[in-house]
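Peer 1: In our numbering, the protein residues as written are 10 to 211. Cβ atoms here follow ideal geometry from the backbone N, Cα and C, with glycine treated the same way. Keep in mind that this is a model prediction, so the values were computed, not measured. Dumping the structure here so I can ask a few things about it.
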């Protein structure tokens, strides 16, 4: 079983150590969930600072296809699209192109799109007048329209925070953009719960 996680640096996860990243926790725990994960090759392509445009121009999709994974987890890099002020039109076209490449190159693979993590000041506008939440909403609308498998990290993490009576600031690193160890653990738990809901069978 080959699993590939790719996207921006959030695809790697980790704050104090890569061992504490959500994807590393997923790698270590998947074998306990399903028999097909007993023998697993787990490949990560985290690209620091990469937007969806960068993923395409840097030929990172081709790297994923070359892995020939059974499962692809695509962290959609919306944090960097927001920080780099990529237009919404370009963002949505990039997502279409990335998914087209993945679907054509990996016709038998399961592909899950994962939104980037929640950040502080997510309603602040960038230079093209869009907030981070605008990018989440705009990408989500396209994903639902295309009926792609989708894991809404922001929604799931918000549920976890309410359940545990924890504030968002408590799970963010010092830059208030990426997660600390506690945030990574909540991200892992949320996504692992999603997988246990039989989304791999859809």
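Have a look at 184, 199 and 203 and flag the residue whose alpha-carbon is nearest the alpha-carbon of residue 166.
Peer 2: Closest by alpha carbon: 199.
Peer 1: In this structure, how does DSSP classify residue 40 when only helix, strand and coil are distinguished?
Peer 2: Residue state, collapsed to three classes: helix.
Peer 1: Tell me the DSSP secondary structure of residue 61 in three-state form.
Peer 2: Correct three-state label for residue 61: helix.
Peer 1: Run through DSSP, which three-state label would residue 93 get?
Peer 2: Residue state, collapsed to three classes: coil.
Peer 1: Whole angstroms are fine: how far does the CA of residue 98 sit from the CA of residue 8?
Peer 2: This structure gives no information on residue 8, because the portion of the chain shown stretches from 10 to 211.
Peer 1: Say whether the segment 30-39 touches the segment 98-116, bearing in mind that this needs 3 or more beta-carbon pairs closer than 8 Å, one atom from each stretch.
Peer 2: Cβ pair count under 8 Å is below three, so no.
Peer 1: Might you give, ordered along the chain, the residues of its own chain that have their beta carbon closer than 6 Å to the beta carbon of residue 211, omitting 5 neighbours on each side?
Peer 2: A caution first: residue 211 carries a pLDDT of 47, below 50, which makes its placement in the model unreliable, though a value can still be read off. Nothing listed; no residue qualifies.
Peer 1: Below 8 Å on the Cβ atoms is my contact criterion, and I expect residue 104 with residue 181 to pass it. Report the Cβ-Cβ distance as a whole number of Å.
Peer 2: The Cβ separation is near 25 Å, so there is no contact.
Peer 1: Which residue or residues does DSSP assign as beta-bridge partners of residue 115?
Peer 2: Per DSSP, none; premise fails for residue 115.
Peer 1: Helix, strand or coil: how does DSSP classify residue 16 here?
Peer 2: In this structure, residue 16 counts as strand in the three-state DSSP scheme.
Peer 1: Since residue 136 and residue 163 are thought to touch, with beta carbons under 8 Å apart, how far apart are those beta carbons, to the nearest angstrom?
Peer 2: At roughly 22 Å, the Cβ-Cβ gap does not stay under 8 Å, so residue 136 and residue 163 are not in contact.
Peer 1: Since residue 56 and residue 64 should fall inside the 8 Å C-beta cutoff, what is the C-beta to C-beta distance between them, to a whole number of angstroms?
Peer 2: About 7 Å separates the two Cβ atoms, so the contact holds.
Peer 1: Cβ of residue 74 within 9 Å of Cβ of residue 14?
Peer 2: No, they are not a contact pair.
Peer 1: Run through DSSP, which three-state label would residue 211 get?
Peer 2: Caution applies to residue 211, whose pLDDT of 47 falls short of 50 and renders its modelled position unreliable; the value that the coordinates give is listed next. Note: residue 211 maps to coil in three-state DSSP.
Peer 1: Looking at the structure shown, is residue 110 part of a helix, part of a strand, or coil, going by DSSP?
Peer 2: It is helical.
Peer 1: For residue 197 versus residue 126, is the C-beta distance shorter than 9 Å?
Peer 2: No, these two residues do not count as a Cβ contact at 9 Å.
Peer 1: For residue 88, which three-state DSSP category applies?
Peer 2: If DSSP states are grouped into helix, strand and coil, residue 88 belongs with the helices.
Peer 1: Reducing DSSP to helix, strand and coil, say where residue 159 ends up.
Peer 2: Here residue 159 sits in strand by DSSP.
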